[in-house]
Structures are given as structure tokens and as C-alpha cells.
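> This is the structure I want to talk about, given as C-alpha cells.
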Amino acid sequence: MNVILIPAYQPDEKLDRLVDELIALKSGPIVVVDDGSDPSCAPVFSAVAASGCIVLRHPLNQGKGAAIKTGIRYAADHFPDASGYVTCDADGQHRPSDILRVGQSLDAHPDALVLGSRDFSGPDVPRNSRLGNRFSSWFFKLSTGLVCGDTQTGLRGIPKNLTDAALSLSENRYDYEMTFLLTTAKAGVMLLLVPIETVYLDQNASSHFRPFVDSVRIYRQPIRFLLASILSTIVDLLLFDLFTHLLEGPVVRIIVIATVVARVVSGVLNFLLNRHWSFRNPGSIRRQFLRYFALYLAQLLLSAAFVALLSFLPVSHTLVKALIDGTLFFGSYFVQKRWVFKRPAMKRD
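Laid out in C-alpha cells, this is it:
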């Protein structure tokens, strides 16, 4: 037996219809979380409660992730014998039969994270949804090495042994689902994909997903890493320019001193920005700095070595260096994420 969790914000009659169909199919307990909807939605929640569902309410809108965590917290306390929790959307884009199939897969595989996987190749799939999922699937593969055709699905079966992990994440909005998926995949949790019907009603008009704002939330860590790198580069160039104008003496000596001072200051700045802003990891600063310094030296040596090896090419050395450093930049992100600022292992019951 599993508990069905439905986070709902500004729902319409489709939520009431979904609940009635789930009850008719003899589903398990259903918990609906009203995430601060307007008073005009009260009749919908009243109808859902009258059908026998448990309705929880946030006084103010806190986000889909917060609503899911509220539902999991309640279900864990009141249904301790459940195999886990099946989350689905309130807008009618998940078929009741698919919701039950995901629940059955969760019951059969209580240690796996079950994902209701859609097919995005159909002509009715909105272009933005297709492109968005393609990018997130690419990012997921780059981050974990695993292939997942539908990383944005809201229909998921979360096993009971991931309760603490699900509740420990700080994300509260649409970024919650992607963060949870990445966290569980990196922890070695098996991902079980269950094919489901692909449904987009009115070109996904009922979705509350804000493409720019919510995408920034979802990918904020690599965005912060990029901004920290840009800022550090600017500081490096400004300091180099400053010292080359202030120092006196042989040109070579000035360039060496300016380069070393600029690199040291910009490197320390980049380390602190990544530690406190990009990755937000307050672990041992000594261990993190030593690992960061080792990575820094490795990047420096690899960059110099590859530029030297490719110096025979009939192109600008600056262009070659830019391409090599750009490649090393992406590698540096994942090394820092997985090694330099690696977080403790995910808790599993």
C-alpha cells in the first residue's frame, strides 16, 4: 500500500474529477496539499475532502516542493506501514490508471525511485516542454552518467526509505524535484522508469511553471558557478592591469609579479565564492582548500600542456587556449561538486 500525494495550487474541477476516478479504482489513501490557493478554490478542496481525501493547507503559497514535503511528512506520521508515496499533479495531466501503475511498481520495488516516463516525440507535445526536458535530461546525464528520458515528470513513486532524504532538501519550489532526482541518482538509488501516457491539456496552459524564474532556480548552482568564475576572471584581469601600471623595473619581472598576485587573489576569491555561494558547503575549509588547490594546479598544468601540444595547429594560440580552458571549466565544475565541495552521503532508512 502507498499514499498518493497531490500538491495543488489554484486547482479547478479537474482535481475533483481525478480524485473521484482514483477512489473508483480503489487507490490507497489520498493526501491533497493546498499550497496557498485563492479562496475561490475553496469549493474544489471542499469537494475533494467530501470524497474522503485528506486535505492539508498552507496559509501562503510556498511552492510545489514545500507542498510535497508537507504531504510526505503527514503520510510518514499517519501511514507508517505504507511502502512509500506517489506524487502526481493536480491539473489532470496524469491518468488515474498511470498513477496506480506507478504505485504498483513502487510496491513491487520498495527500494527504487519510480518515475512515470512520458514520450516527448509526439506532435502534441508543446515545443517548450520538449526542449526543456531535452536540456534537463542532458544536464542529468552530464551530472550522473545516467540516462533518463523524462527528468521533469511529476508522477513519481518515492520509497519509504527515502523519507528523510526527501524531507532534508532545502529546495521548496520546482527546483525540488530535479534536486531530489539528482541527489538520489548520485546516491546509487535505482531509477525505475514506467511508461505513461503523454498528456498536455491546452498546450500546458494550466501549468504554474515560470520558464525563466523557475529554470534559474533549478540550475542555480551551475549558474552561480559560472558567475563566480566570471567575477574571479574580471578581478584577475583588473589586478594584473593595476600591478603592471604600478610596478617598476624589468618588464618580465613586472609581468611575473602581476600574474602571480592576480592569480592568487582571484583564486582565493573563487574558492570562497564557490564554498559559500555556488555549492554552499560549510565543511572542513582546510580539506576543501587543499583539494581546490590541487585542482587549480592540475588545471594550470593541463591547460599549458594541451596548448603546447596543439601549438602546431595553424590557428591562434589564444583561440586554442580559450577552447581548452572552456573544456576544463566544465570539468572543474563537476570535480568541485563531486570532490572539492562534496556533501555527506544521503540518509536512507
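Position in the sequence shown (from 1) plus 59 gives the number in the working numbering. Note that CB positions come from ideal geometry on N, CA and C, so glycine has one too. As the structure is a prediction and not an experimental result, all values here were calculated from the model.
#1: Find the nearest neighbour of Gly87 within the set Pro70, Gln163 and Arg154, judged by alpha-carbon distance.
#2: Per DSSP, Ile63 is paired with what?
#3: Compute the Euclidean distance between the alpha carbons of Val107 and Ile383, then round it to the nearest angstrom.
#4: Going by the CB atoms, is the gap between Ser110 and Ile65 shorter than 8 Å?
#5: Quick test of your reading: Asp94 and Asn61, contact by CB under 8 Å. State the CB separation rounded to the nearest angstrom.
#6: Taking C-alpha atoms, which residue in Leu115, Val320, Gly342 and Ala125 lies nearest to Glu236?
#7: Could you check what DSSP says for His117 in three-state terms: helix, strand or coil?
#8: So, is Val311 buried or exposed, given that buried needs 16 or more other C-beta atoms within 10 angstroms?
#9: By a C-beta neighbour count over all protein chains shown, 10 Å radius and 16 as the cutoff for buried, is Glu307 buried or exposed?
#10: Whole angstroms is fine: what's the gap from Asp157's alpha carbon to Val253's?
#11: Please say whether Asn340 and Ala287 have beta carbons closer to each other than 8 Å?
#12: Assuming contact is defined by CB atoms lying nearer than 8 Å, are Glu80 and Pro155 in contact in what I supplied?
#13: From the DSSP output, in three-state form, read off Leu285 for me.
#14: Which residues mark the beginning and the end of the beta strand (DSSP E) in which Ile314 is found?
#15: Which of the three DSSP states, helix, strand or coil, is assigned to Pro218?
#16: Is it buried or exposed for Arg402, if we count other Cβ within 10 angstroms and need 16 for buried?
#17: Should Asn333 be labelled buried (16 or more other beta-carbon atoms within 10 Å of its own) or exposed?
#18: Whole beta strand (DSSP E) runs in the segment 160 to 236 with 3 or more residues, listed along the chain?
#19: Does the beta-carbon of Glu423 have 16 or more other beta-carbons within 10 angstroms, so that it is buried, or is it exposed?
#20: Would you kindly report the start and end of the unbroken beta strand (DSSP E) that includes Leu250?
#21: On the three-state DSSP scale, how would you describe Asp94?
#22: Does the pairing of the segment 214 to 221 with the segment 169 to 179 give three or more beta-carbon distances under 8 Å?
#23: Thinking just about the alpha-carbon of each residue, which of His168, Leu115, Ser370 and Ala135 is nearest to the one in Ala225?
#24: Buried or exposed: where does Ala209 fall if 16 or more other Cβ atoms within 10 Å of its Cβ makes it buried?
#25: Looking only at C-alpha atoms, which of Ile289, Arg76, Lys380 and Gln395 sits nearest to Phe352?
#26: Might you give, ordered along the chain, the residues of its own chain that have their beta carbon closer than 8 Å to the beta carbon of Leu369, omitting 5 neighbours on each side?
#27: How would you call Phe388, buried or exposed, if buried means at least 16 neighbouring beta carbons within 10 angstroms?
#28: If we count the other Cβ atoms within 10 Å of its Cβ and call it buried at 16 or more, is Leu201 buried or exposed?
#29: Please tell me whether Ile383 has its Cβ less than 8 Å away from any Cβ of chain C.
#30: To which residues of the same chain is Val103 closer than 7 Å at the C-beta, ignoring the five residues directly before and after it?
#31: Could I get the ranges of all uninterrupted alpha helix (DSSP H) runs contained in the segment 332 to 399, with 4 residues as the minimum, in chain order?
#32: Between the alpha carbons of Lys245 and Val324, how many angstroms are there, rounded?
#33: Would you call Val315 buried or exposed, if buried means 16 or more other Cβ atoms sit within 10 Å of its Cβ?
#34: Would DSSP call Lys245 helix, strand or coil?
#35: Taking the straight line between their C-alpha atoms, what separation do you get for Glu133 and Thr238?
Reading off the structure:
#1: Stepping through the sequence shown from its first residue, residue 87 is reached at position 28. Residue Gln163 is the option with its Cα nearest to Gly87.
#2: Working through the sequence shown from its first residue, we reach residue 63 at position 4. The partner list for Ile63 (beta bridge, DSSP) reads Ile89 and Val145.
#3: Sequence index remark: in the sequence shown, residue 107 carries index 48 (1-based). Sequence index remark: in the sequence shown, residue 383 carries index 324 (1-based). Computed Cα separation, rounded: 58 Å.
#4: As a position in the sequence shown, residue 65 is number 6, starting the count at 1. As a position in the sequence shown, residue 110 is number 51, starting the count at 1. No; because the gap between Cβ atoms is not below 8 Å, this pair is not in contact.
#5: The residue labelled residue 94 in the question sits at position 35 within the sequence shown. The residue labelled residue 61 in the question sits at position 2 within the sequence shown. Wrong, their Cβ atoms sit about 21 Å apart, outside the cutoff.
#6: One-based indexing of the sequence shown puts residue 236 at position 177. Minimum Cα distance to Glu236 is reached at Ala125.
#7: Within the sequence shown, numbered from 1, the residue matching residue 117 stands at position 58. It is a strand residue.
#8: For the purposes of this step, residue 311 is taken as the residue at position 252 of the sequence shown. Val311 comes out exposed.
#9: Locating residue 307 in the sequence shown gives position 248, counting from the first residue. Flag for Glu307 reads exposed.
#10: Here residue 157 is taken as the residue at index 98 of the sequence shown, counted from 1. Here residue 253 is taken as the residue at index 194 of the sequence shown, counted from 1. Using only the alpha carbons, I get a separation of about 9 Å.
#11: Taking the sequence shown and counting its residues from 1, the one referred to as residue 287 is at position 228. Taking the sequence shown and counting its residues from 1, the one referred to as residue 340 is at position 281. No.
#12: Start at 1 with the first residue of the sequence shown, and residue 80 comes out as number 21. Start at 1 with the first residue of the sequence shown, and residue 155 comes out as number 96. Yes.
#13: Looking up residue 285 in the sequence shown gives position 226. It is helical.
#14: Your numbering for residue 314 matches position 255 in the sequence shown. Here Ile314 belongs to no beta strand (DSSP E); instead the alpha helix (DSSP H) covers Val310 to Leu332.
#15: Here residue 218 corresponds to residue number 159 of the sequence shown, with the count starting at 1. Pro218 falls in the strand class under three-state DSSP.
#16: As a working note, residue 402 is residue 343 in the sequence shown. Exposed.
#17: Numbered from 1 along the sequence shown, position 274 holds the residue referred to as residue 333. Buried, by the Cβ-count rule.
#18: 172 to 176 and 215 to 218
#19: Lying before the first or after the last residue shown, residue 423 is absent from the chain, which here runs from 60 to 408.
#20: Locating residue 250 in the sequence shown gives position 191, counting from the first residue. Its beta strand (DSSP E) spans residues Leu250 to Pro254.
#21: On the sequence shown, residue 94 is found 35 positions in, with the first residue counted as 1. Here Asp94 sits in strand by DSSP.
#22: Cβ pair count under 8 Å is three or more, so yes.
#23: Along the sequence shown, read from residue 1 onward, the residue named residue 225 stands at position 166. Residue Ala135 is the option with its Cα nearest to Ala225.
#24: Taking the first residue of the sequence shown as position 1, residue 209 is located at position 150. The sequence shown places Asp at residue 209, rather than the Ala named in the question. Around the Cβ of Asp209, a 10 Å sphere holds 16 or more other Cβ atoms; the residue is buried.
#25: Here residue 352 refers to the residue found at position 293 when the sequence shown is read from its first residue. Out of Ile289, Arg76, Lys380 and Gln395, Gln395 has the C-alpha closest to the C-alpha of Phe352.
#26: Within the sequence shown, numbered from 1, the residue matching residue 369 stands at position 310. Val379 and Ile383.
#27: As a position in the sequence shown, residue 388 is number 329, starting the count at 1. Here Phe388 is exposed: its Cβ has fewer than 16 other Cβ atoms, across all protein chains shown, within 10 Å.
#28: Residue 201 sits at position 142 when you count from the first residue of the sequence shown. So Leu201 ends up on the exposed side.
#29: Absence of chain C from the displayed structure is noted, only one protein chain being present.
#30: Taking the first residue of the sequence shown as 1, we reach residue 103 at position 44. Contacts found: Pro70, Asp71, Glu72, Leu74 and Asp75.
#31: 344 to 368 and 376 to 394
#32: Mapped onto the sequence shown, residue 245 falls at position 186. Mapped onto the sequence shown, residue 324 falls at position 265. Lys245 and Val324: Cα-Cα distance of roughly 33 Å.
#33: The residue labelled residue 315 in the question sits at position 256 within the sequence shown. Classification of Val315: exposed, given that the 10 Å Cβ count is below 16.
#34: The residue you call residue 245 lines up with position 186 of the sequence shown. Helix.
#35: Looking up residue 133 in the sequence shown gives position 74. Looking up residue 238 in the sequence shown gives position 179. Going by the sequence as given, residue 133 is Tyr instead of Glu. Tyr133 and Thr238: Cα-Cα distance of roughly 21 Å.
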